[in-house]
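Notes for the one structure printed next.
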Amino acid sequence: MAYKTIDDLGDLNGKVVMLRADLNVPMDENFKVTNTARIDRTVPTIKLLMKKGAKVVVISHFGRPEGKGDMKNSLSHIVNDLQKALGNKVVFVEDCIGEVVAKAVQNMRSDEVLLLENLRFYNEEKKGDEAWAKELVKVADVYVSDAFSTAHRAHASMVAAAKELPSAMGLLMQEEVDALTKGLNNPERPLMAVVGGSKVSTKLDLLNNLVKKVDKLVISGGMAHTFLKALGYDGVNETNSLVQLDMVDTAKEILATAKTAGCEVILPTDLVWAKEFAANAEHKTVDLNNIPSEGSLLDVGEKTVDVIKAKMAECKTLVWNGPLGAFELKPFDEATNEVAAEAARLTKAGKLTTVAGGGDTVSALESAGVAKDFTYISTAGGAFLEWMEGKELPGVAVLKRA
Numbered sequence: 377m378a379y380k381t382i383d384d385l386g387d388l389n390g391k392v393v394m395l396r397a398d399l400n401v402p403m404d405e406n407f408k409v410t411n412t413a414r415i416d417r418t419v420p421t422i423k424l425l426m427k428k429g430a431k432v433v434v435i436s437h438f439g440r441p442e443g444k445g446d447m448k449n450s451l452s453h454i455v456n457d458l459q460k461a462l463g464n465k466v467v468f469v470e471d472c473i474g475e476v477v478a479k480a481v482q483n484m485r486s487d488e489v490l491l492l493e494n495l496r497f498y499n500e501e502k503k504g505d506e507a508w509a510k511e512l513v514k515v516a517d518v519y520v521s522d523a524f525s526t527a528h529r530a531h532a533s534m535v536a537a538a539k540e541l542p543s544a545m546g547l548l549m550q551e552e553v554d555a556l557t558k559g560l561n562n563p564e565r566p567l568m569a570v571v572g573g574s575k576v577s578t579k580l581d582l583l584n585n586l587v588k589k590v591d592k593l594v595i596s597g598g599m600a601h602t603f604l605k606a607l608g609y610d611g612v613n614e615t616n617s618l619v620q621l622d623m624v625d626t627a628k629e630i631l632a633t634a635k636t637a638g639c640e641v642i643l644p645t646d647l648v649w650a651k652e653f654a655a656n657a658e659h660k661t662v663d664l665n666n667i668p669s670e671g672s673l674l675d676v677g678e679k680t681v682d683v684i685k686a687k688m689a690e691c692k693t694l695v696w697n698g699p700l701g702a703f704e705l706k707p708f709d710e711a712t713n714e715v716a717a718e719a720a721r722l723t724k725a726g727k728l729t730t731v732a733g734g735g736d737t738v739s740a741l742e743s744a745g746v747a748k749d750f751t752y753i754s755t756a757g758g759a760f761l762e763w764m765e766g767k768e769l770p771g772v773a774v775l776k777r778a
């Protein structure tokens, strides 16, 4: 592997390891964690480090406190969940730098884990402040990063901290990088990408990168409306769709680049029209030449689903970011559910490697009941997207082998 792993750190017995995790988990108004996935997926790295005799000090950000401490964004709320998932006592420290941290590290037992307070209570974290990073890691001997989902940000705890100590990626970071490398950088071909989302403008870099890398590209969601407009389907308008008229020429350029690169672009051939943007709204499937001028285009139709499934069957690797329609509103989740089910079936049959990521994508696949059947589901949002855009992530680059 091109990056340093825990195996490269040598003997960790008795050493203090600072583990940069991403414990930015969803929480309700009563400070109860509503999804423990990020906690659960950090546990294997903590357990491995403890098995090697290390004293583990966990650091993370939480929420957006903008440099000010407040109880709403305190990591103290996740102590019980982390403790339960880990099966070891978690001692919470009410700061992430200073004498209180030094004392806590000095007094910690080998069967305990320390959890420090929210890194973003300090503005220096987001600024990437090197002096502050030195203060942060002064209690540790070794640095390990398991926060791939924050790796696109050059924050102090992600980059400057890693430069101060012998450093490596944890098991979750390693999983993420391995999966994305196999999915996009070194895939088994043919390679298909599914990209959904509301606007072309938000995924411009992604589309421009993918058309040069993949063999087949499915463009769906609201952004497909702009591409349909670019192809001359004038029934798509600003009233019934999410078309971006100022991006039509850009869409034409992307299609031209795809043609030159030999990338087959798959766009909707039929759409599900609804009288209003609401769950269970009156709806019907329409072809591209008979789109009502009012209402909302909320999903792709069965003909489009059949085409996507047929093209998918020709492929060896699938990378997915974004639902095919307004999946949060029933029954406009049907296309996403059906394509996801087929991807899961091909994965279980050993015919397809499937990698997916992004908040809406994960929610859609979980809603479809197939997330567990994909080869890999990324915990990252922005970092996953930037990797797909072909950008180097500073929090990963800093862990490269010399």
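Residue 778 is where the sequence shown ends in this note's numbering, and the numbering goes up by one at each step.
Ideal placement from N, C-alpha and C gives every residue a C-beta, glycine not left out.
These numbers come from a predicted model, not from an experiment.
Looking only at its own chain, which residues have a Cβ that is under 7 Å from the Cβ of residue i, when we skip the five neighbours before and after it?
| i | result |
| --- | --- |
| Ala480 | Val467, Val469 and Leu490 |
| Lys579 | Val571, Gly573 and Met599 |
| Glu690 | Pro566 |
| Asn575 | Note that residue 575 is Lys in the sequence shown here, rather than Asn. Answer for Lys575: Gly598, Met599, Leu618 and Gln620, listed in chain order. |
| Val746 | Ala716, Ala717 and Ala720 |
| Glu761 | Residue 761 is actually Leu in this sequence, not Glu. Taken in chain order, the residues that qualify are Leu582, Asn697 and Gly734. |
| Ser525 | Asp398, Thr755, Ala756, Gly757 and Ala759 |
| Lys706 | Ala655 and Asn656 |
| Leu385 | Val518, Pro542 and Ala544 |
| Leu495 | Ile435, Ser436, His437, Cys472, Glu501 and Ser533 |
What did DSSP end up calling residue i once you bin it into helix, strand or coil?
| i | result |
| --- | --- |
| Trp544 | For the sequence presented, residue 544 should be read as Ala rather than Trp. Three-state result, Ala544: strand. |
| Phe603 | helix |
| Lys431 | strand |
| Val513 | helix |
| His659 | strand |
| Asp675 | strand |
| Glu506 | helix |
| Arg414 | helix |
| Val481 | helix |
| Ala397 | coil |
| Asp794 | Because the chain here runs from 377 to 778, residue 794 falls outside it and cannot be looked at. |
| Lys460 | helix |
| Val746 | coil |
| Leu593 | strand |
| Ile753 | strand |
| Val842 | This structure cannot speak to residue 842, because the chain is shown only from 377 to 778. |
| Leu618 | coil |
| Phe653 | coil |
| Phe438 | coil |
| Val587 | coil |
| Asn562 | coil |
| Asn389 | coil |
| Pro668 | coil |
Can you list, in chain order, the residues of its chain with a C-beta nearer than 6 Å to that of residue i? Leave out the 5 residues immediately preceding and following it.
| i | result |
| --- | --- |
| Val346 | Since the first and last residues shown for the chain are 377 and 778, residue 346 lies out of range. |
| Gly546 | Thr421, Val520 and Asp522 |
| Lys391 | Ala430, Asp517 and Val518 |
| Lys503 | none |
| Ala740 | Pro699, Phe703 and Thr712 |
Looking at the strands, I want to know which residues DSSP matches up with residue i.
| i | result |
| --- | --- |
| Phe468 | Leu491 |
| Met623 | Answer is none; Met623 lacks a bridge partner. |
| Tyr379 | Lys776 |
| Trp696 | Val570 and Ala732 |
| Met359 | The question about residue 359 has no answer here: the residues shown for the chain are numbered 377 through 778. |
| Leu647 | Val662 and Val676 |
| Met426 | Bridge partners of Met426: none, in fact. |
| Glu704 | In the DSSP output, where bridge partners are listed per residue, Glu704 has none listed. |
| Ile642 | Val594 |
| Val520 | Leu395 and Ala544 |
| Met549 | The partner list for Met549 (beta bridge, DSSP) is empty, contrary to what the question assumes. |
| Met403 | Val409 |
My guess is that residue i and residue j are in contact by the Cβ rule of under 8 Å, so how many angstroms apart are they, rounded?
| i | j | result |
| --- | --- | --- |
| Ile630 | Leu583 | 5 Å |
| Val515 | Ala478 | 6 Å |
| Thr418 | Leu604 | Not quite, the Cβ-Cβ distance comes to about 42 Å (not below 8 Å), so this is no contact. |
| Phe750 | Thr723 | 6 Å |
| Asp646 | Thr680 | 6 Å |
| Ser436 | Leu424 | With a Cβ gap of about 18 Å, Ser436 and Leu424 do not count as contacting. |
| Ala532 | Glu501 | 5 Å |
| Val624 | Ala606 | 5 Å |
| Phe497 | Gly439 | Not really, about 10 Å apart at Cβ, beyond 8 Å. |
Just checking residue i against the ligand ZN - is the residue's beta carbon closer than 8 Å to any of the ligand's heavy atoms?
| i | result |
| --- | --- |
| Lys558 | Only the bare structure without any ligand can be found here, which leaves the ligand ZN out of the picture. |
Please go through the same chain and pick out, in chain order, the residues whose beta-carbon is closer than 8 Å to the beta-carbon of residue i, but skip the five residues on each side of it.
| i | result |
| --- | --- |
| Asn585 | Met764, Glu765 and Gly766 |
| Thr381 | Ala544, Met545 and Gln550 |
| Val587 | Leu593, Ile630, Thr633, Ala634, Ala637, Cys639 and Val641 |
Stretch pair the region 559 to 578 + the region 391 to 399: three plus CB contacts closer than 8 Å: Contact between the region 559 to 578 and the region 391 to 399 is absent: fewer than three C-beta pairs spanning the two stretches fall below 8 Å.
At least three beta-carbon pairs within less than 8 Å, the region 715 to 727 to the region 679 to 692: yes
The region 606 to 614 in contact with the region 652 to 667 per 3-pair CB rule at 8 Å: yes
Meets three-Cβ-pair contact criterion under 8 Å: the region 577 to 596 and the region 414 to 423: no
Cβ contact (3+ pairs, closer than 8 Å) linking the region 724 to 736 and the region 695 to 703: yes
Contact the region 669 to 677 vs the region 638 to 656: 3+ CB pairs below 8 Å: yes
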